[in-house]
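Novice:
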Amino acid sequence: MGQSKRGQTTVELLLLLGVSLTALLIVYSLYGQQIQYSTSAKEIATAKSTIERMVTAANSLSISGAGSRTIVLVELPTSLRMDDSGIYGNELVLKLRNRTDIVGMADVNFSGTWKRNGNSFVKGGYYATLVFDGNAVNIIYDDFDLSTESISIQTKQSTISQSSFTIRNNSSKTAYFTVASDFSNSPYAVISLGTGDNSFSLGEGEMRLIDINLETNSSAYGNYSGAIDIEAQLNDNYRDYNISKQVVVSAEVSTAPSGEVTWESLFFTTQNDFSANANISLSKYFKTTPNFGISFIPSGELDWNANANYTYLSSDYNRDMNGLVGYWKFNDKNSGGYILNSATGLRDGQLMGGADVNGVGLWDTNSGYFDGTNDYADLGNDSRLNLTGDFSIFAWVNYSSFATSNYWEHAIIARDVGGGSQNKWIFTVTSQTGGTHFEYYNTTTGTNTELNGNLWTVSLGAWNYLGITKQGSTFTFYRNGQSDGTAVSANALAASIATNTKVGFAESRYFNGTIDDASIWNRALSASEIAADYNNFLSVKYISSQKYMRPSHSLNSLIVGKDQNFSYGYELDSNDKFFDANLLALWHFNDKNSDGFVLNSATGLRDGNLAGGADVNAAGLWDTNAGYFDGVNDYLYTTFNPNSNIGDNNPFSVSFWAYPKNKLSNLVTVGCGNWNVSPVQRWFVGQYTGNWYWGLGNTYDTATGVSVDTNTWQHIVWVYDGSKNYIYKNGVLTYTKTYTGIGNYPDMVSPLGAINQNGGFVQDFNGLLDDVAIWNRALSSSDVSGLFRKGISRLDLNISSCSDSACATVVGTKQISGAKHGAEIDISSLALSDYLKYSVGFNFLSQFADNNYTPYKAAAGFPAFSDFNLSYTS
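Here this note's numbering is used: the first residue of the sequence shown is 1, the next is one more, and so on.
What follows is the structure, encoded as structure tokens:
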């Protein structure tokens, strides 16, 4: 009985289990259909929404007309069938895997298809840009587009050519762009971008024009290629991502135009160990028939010759010199303190009071310096300076201070007898927050006329190009090339004024600052002339060019231009690309201002004050001045501090040219020391018992064996690399010693020509110093050798005229030994022929003739010389 009961129960359970499983299968099937139906409905809704948005947008664009555009959100369902979906004419088709077809028809045709990634459509959400071109609606899926993908430039040697392209942000969000030039395959053709074009942002639909500048030098020729890389960082509400594109740039460079042969640069590299007094021959030939082009040579400022042509960035800038009656550059003065009027060729401007030409100008040249106390320049009373008709007055002005708000205390150029009702005129600035001002009084008519330009604020220590023109009764003020206000007055200026024209003086008050390139014209310059003058002054040095036409002209002169990369036979340039890295100080001792301050060319500041009888009136090595120290209380007080400017135990280098008068002990050329602390802090280089020696931290060495040579120039370099001290003499390493001391540098100023010892200046050097330079790095042996060799080298030229291109038949020859920078060399005696040849070579300054160094030879190596610019005048 019990077994029968248990078997029945098992059967019942199995039956119940079967029924339950069947029920579960039915329920699951129904639920699965519900899920499938729900998913299909969402996919269908997504597809419908996308097509509706596309159709609505397309119809709207066709009504708006050609050029209209909009951005549309595109969402493609994940169950999309690739084989049947597409865009056909005016139909948009999306077919789903559940066999549902979503079709929309617009009133206008489409051009494009659904966005793809390889062989698949891009699912999910993104934006498309729709653009109506008048015939069809173009579908653009790029998040930004370019106006072009390639740019071709045809140009010539030594020119700057410009092109451009446009970037448009097609996304609905702000996009951040980075643009870079990849055109570095040649130093002869270089691509640069316009200001601000490297990095910027664009909002929805915004565009930006990207300017491209292709600059070629005289060695460029043939085909060059590169690219502009554009990368955008975007967000389309679904993700952040970057997109990159590229504009390919190709350039074809041809030679300079016929008749404009440019001798811009002669490139050759150098090495030592060549036979003494040998010449390097590097020849170029140019046919002079029918005309011969003259090279371009930077002049630093405009060379105001009435018959000259001017080139700005290799584009002709022909300056109309008509009406120029006065032009004062303030570059130099003669022994009587007179400055040159470049318009007349006469030195008709006399520096008065403490006025000088030792201000730092805009073009690596001097400017007029006026201290505001009693300084001015008297330009004389030439009748051509009478402002009786139309006129123009211009000058570059840099104010150091403003005494008060009285306009006459800031006069730039004036012809002013004094206060009260007297014939006069004054060109000035009213106040630091005022504007440019012109006032004149005429006793004949009894009229006092005051005219003002727009208000602007003067930034002390900054250059401004200020001017005024008068044309009829209209006066126009100019500031930095742009019109800055106008005024009208029919009142006449006085025909005669009983005083001279002056720069920096009016009403017994004096200008404080620097003035450069002051000019007066007897006509009203045009707005385009003024803008061109300002832009050319500001952007680039002027370049003069003339043509030699055979046989109507003869070849008269030659000018050798300074090598701006590695200047030979010249004082160290603070911008010299081989030696400017980490340059902290450089004193040339070329001049001093009225307060006895010497310029630090590395900083542009006059931070050296001559003390005692120290002066800058000694003859240097390179037709420049040198510092003079008589050994009795003479030194140059500087602001240089080895502790703060270099830092304890850090590497440094000190270089100087010295001409000692004696071999007395303890004569310091540069340095300081604090003996009142323990351990003692030293930082100096000088001479001791006939040797050059050094002191560093708590250690010094007088037994270096580097001899002091009296009454002759020598080049000394002291180098500390963090572990060893080195002394070089005339380019040769003559002393090395491992440093074992404590390298604490004194926290005090370091003079030249003496030592600052515990705050007192002692151990005065007796002799001459020139080109004292300090770096916060250790110069290499090749650096030191290069410094010495460049300093003692001189350039020799051989010029020949020939009747054949190989110069086998020489018609005439001219040899120039020791060609100077910028000096005009007379070659009028050179017989004229069809071809011209020149060769260049190096020799040494005479006092180094017995040195073991030999002239350079042409070979691969360091350093590279360039820019021996030859300019001819007819």
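Using N, Cα and C, we set each Cβ at its ideal position, and we do this for glycine too.
Please read these numbers as outputs of a predicted model, since none were measured by experiment.
Can you say whether Ser63 is buried or exposed, counting buried as having 16 or more other CB atoms within 10 angstroms of its CB?
Specialist: Here the sequence assigns Ile to residue 63, which means Ser is not the residue at that position. Burial call: exposed.
Novice: Please state whether the Cβ-Cβ distance between Ser785 and Val732 is less than 9 Å.
Specialist: yes
Novice: So, do the segment 660-675 and the segment 720-731 have three or more beta carbon pairs nearer to each other than 8 Å?
Specialist: no
Novice: I think Ser392 touches Arg523, with their Cβ atoms under 8 Å apart; what is that distance to the nearest whole Å?
Specialist: 7 Å
Novice: Taking only three categories from DSSP, how would you classify Gly461?
Specialist: Annotated three-state conformation of Gly461 is coil, per DSSP.
Novice: To the nearest angstrom, report how far apart Ala831 and Asp371 are at their CA atoms.
Specialist: 53 Å
Novice: Please state whether DSSP places Ser283 in a helix, a strand or coil.
Specialist: In this predicted model, Ser283 has a pLDDT of only 28, less than 50, meaning its place in the structure is not dependable; the value taken from the coordinates is given anyway. Reduced to three states, the DSSP call for Ser283 is coil.
Novice: Given a threshold of 16 other Cβ atoms within 10 Å of its Cβ, counted over all protein chains shown, does Pro746 qualify as buried or as exposed?
Specialist: Under this definition Pro746 is a buried residue.
Novice: Give me the Cα-Cα distance between Val103 and Thr46, rounded to the nearest whole angstrom.
Specialist: Here the alpha carbon of Val103 sits roughly 13 Å from the alpha carbon of Thr46.
Novice: Within the continuous beta strand (DSSP E) that includes Phe475, where are the two ends?
Specialist: Thr474 to Arg479
Novice: Any idea if Arg97 is buried or exposed, counting beta-carbon neighbours within 10 angstroms, 16 or more meaning buried?
Specialist: exposed
Novice: Determine, using beta-carbon pairs with one atom in the segment 714-723 and one in the segment 628-639, whether at least three such pairs fall under 8 Å.
Specialist: no
Novice: Enumerate in chain order the residues of its own chain whose CB-to-CB distance from Ala754 is below 7 Å, with the five nearest sequence positions on each side excluded.
Specialist: Tyr635, Val668, Phe761, Val762, Gln763, Asp764 and Phe765
Novice: Straight-line CA distance for Phe652 to Phe427?
Specialist: Here the C-alpha atom of Phe652 lies approximately 50 Å from the C-alpha atom of Phe427.
Novice: Exposed or buried, what is Gly226 when buried is set at 16 or more other beta-carbons lying within 10 Å of its beta-carbon?
Specialist: buried
Novice: Can you tell me which of the three DSSP states Pro660 falls into?
Specialist: Strand.
Novice: Measure the C-alpha to C-alpha separation of Ile151 and Ser163 and round it to an integer number of angstroms.
Specialist: Each residue's Cα considered, the two are about 8 Å apart.
Novice: Checking 9 Å against the spacing of the C-beta atoms, do Gly596 and Asn609 come in under that value?
Specialist: Contact flag set, yes.
Novice: Can you tell me the Cα-Cα spacing of Ile515 and Asn358, whole angstroms?
Specialist: Distance between the alpha carbons of Ile515 and Asn358: 11 Å.
Novice: Name the DSSP beta bridge partners of Gly467, please?
Specialist: Among the bridge pairs identified by DSSP, Gly467 is matched with Phe394 and Tyr478.
Novice: Report back the beta-carbon spacing between Ser367 and Leu460 to the nearest angstrom; my notes put them in contact at under 8 Å.
Specialist: The pair is not a contact, with the Cβ atoms about 16 Å apart (cut-off 8 Å).
Novice: Whose CA, out of Asn170, Ser192, Val598 and Pro187, lies closest to the CA of Val179?
Specialist: Ser192
Novice: Is the distance from the Cβ of Phe132 to the Cβ of Ala66 below 9 Å?
Specialist: yes
Novice: In chain order, what residues of the same chain lie with their CB nearer than 8 Å to the CB of Thr113, ignoring the 5 residues before and after it?
Specialist: Excluding sequence neighbours, Thr113 sits near Gly86, Ile87 and Ile139.
Novice: Less than 7 Å between C-beta atoms, sequence neighbours within five positions excluded: which residues of the same chain meet that for Trp775?
Specialist: Asn582, Leu583, Leu584, Phe652 and Ser653
Novice: Using only the alpha-carbon positions, how far apart do Phe684 and Gln757 sit?
Specialist: 10 Å
Novice: Taking the beta strand (DSSP E) that Leu877 falls in, what are its first and last residues?
Specialist: It is not possible to answer for residue 877, since the shown part of the chain is limited to 1 through 874.
Novice: Based on the DSSP output, what are the partners of Lys424 in its beta bridges?
Specialist: Asp416 and Tyr441
Novice: So is Trp675 buried or exposed if we call it buried at 16+ other beta carbons inside 10 Å?
Specialist: exposed
Novice: I'd like to know if the segment 406-426 and the segment 492-511 are in contact, where contact means that at least 3 CB-CB pairs between them fall below 8 Å.
Specialist: Three or more beta-carbon pairs drawn from the segment 406-426 and the segment 492-511 are found closer than 8 Å, and the two stretches are therefore classed as touching.
Novice: Expressed to the nearest angstrom, what Euclidean distance is found between the alpha-carbon atoms of Gly419 and Asn593?
Specialist: 30 Å
Novice: Please name the residue, chosen from Gly472, Ile468 and Ala487, that lies closest to Tyr478 on a Cα-to-Cα basis.
Specialist: Ile468
Novice: In terms of DSSP beta bridges, what is Phe765 paired with?
Specialist: Per DSSP, none; premise fails for Phe765.
Novice: Touch check for the segment 707-714 and the segment 654-661: three-plus C-beta pairs under 8 Å?
Specialist: yes
Novice: Which residue comes first and which comes last in the beta strand (DSSP E) that contains Asn213?
Specialist: Met207 to Thr216
Novice: Spatial neighbours of Thr704 within its chain, please: C-beta separation below 7 Å, excluding the five flanking residues on both sides.
Specialist: Excluding residues within five positions, the ones whose Cβ falls inside 7 Å are Asn691, Trp692, Tyr693, Ile727 and Tyr735.
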